[in-house]
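With positions in the sequence shown counted from 1, the corresponding number in this note's numbering is that position plus 44.
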Amino acid sequence: MANHMQLLNQAQQLCEQRGVRLTPQRHKVLELILSHRSSISAYELLDLLRESEPQAKPPTVYRALDFLLAQGFVHKVESTNSYIACHLPEHADHCSQLLICDECSHVEECHDDELAKMLKIKAQQQGFQIAHHVVESHGVCQACQRKK
Numbered sequence: 045m046a047n048h049m050q051l052l053n054q055a056q057q058l059c060e061q062r063g064v065r066l067t068p069q070r071h072k073v074l075e076l077i078l079s080h081r082s083s084i085s086a087y088e089l090l091d092l093l094r095e096s097e098p099q100a101k102p103p104t105v106y107r108a109l110d111f112l113l114a115q116g117f118v119h120k121v122e123s124t125n126s127y128i129a130c131h132l133p134e135h136a137d138h139c140s141q142l143l144i145c146d147e148c149s150h151v152e153e154c155h156d157d158e159l160a161k162m163l164k165i166k167a168q169q170q171g172f173q174i175a176h177h178v179v180e181s182h183g184v185c186q187a188c189q190r191k192k
């Protein structure tokens with residue numbers, strides 16, 4: 045798995061290739077998400093961003109998140125209304141599976157091409173074309189299971 049600096053550099057390169065800008069604020073929001081152990085909410089991001097940019101407002105964070113989501117650099121964890129960094133940003137069309145620990149809130153991203161293929165086939169059988177999907181599974185992570 046790539047480290048934070050590699051992912052930031054990769055995001056910058058992908059933006060250059062795509063002709064979009066990874067502005068300093070967008071870069072900072074991505075950096076904050078990457079450095080957070082678990083998923084992080086927009087308001088938690090805002091509080092952290094205000095440490096370096098006291099004038100930051102909610103629209104600042106939401107615009108940055110919209111951009112990062114559109115570029116595939118982050119995933120939204122719908123069930124907790126929070127965000128995590130994508131560790132495969134160069135694969136824009138991948139299906140992410142998020143394993144969400146209900147005890148410590150850690151979110152692990154994993155990928156299974158077979159699952160993605162099955163979901164696509166099932167959708168096509170229903171005449172549905174998938175634009176984007178993230179599969180969320182809730183449970184208890186290995187670390188929390190060991191604590192019990």
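C-beta atoms are modelled at their ideal positions from N, C-alpha and C, and glycine is treated no differently. Since this is a predicted model, take the numbers as computed values, not measurements.
Could you tell me which residues DSSP puts in a beta bridge with L143?
Beta-bridge pairing links L143 to E152, S181.
When DSSP labels each residue in this structure, what does K101 get in the three-state scheme?
The answer is coil: DSSP assigns K101 none of H, G, I, E or B.
Using only alpha-carbon positions, find the residue among N47, H155, C185, F172 that is nearest to E75.
Nearest option by C-alpha distance: N47.
With a threshold of 7 Å on Cβ separation, who are the neighbours of L112 within its own chain once the five nearest residues in sequence on each side are excluded?
Contacts found: R70, V73, L74, V118.
Is DSSP giving V73 helix, strand or coil here?
V73: helix per DSSP, three-state reduction.
Over the uninterrupted alpha helix (DSSP H) stretch that includes I84, give me the two end residues.
Premise fails: I84 is in no alpha helix (DSSP H) and is neither H nor E.
On a CA-only basis, which of H150, H177, L89 is nearest L159? Give me that one, please.
Looking at the Cα atoms, H177 is the closest of the given residues.
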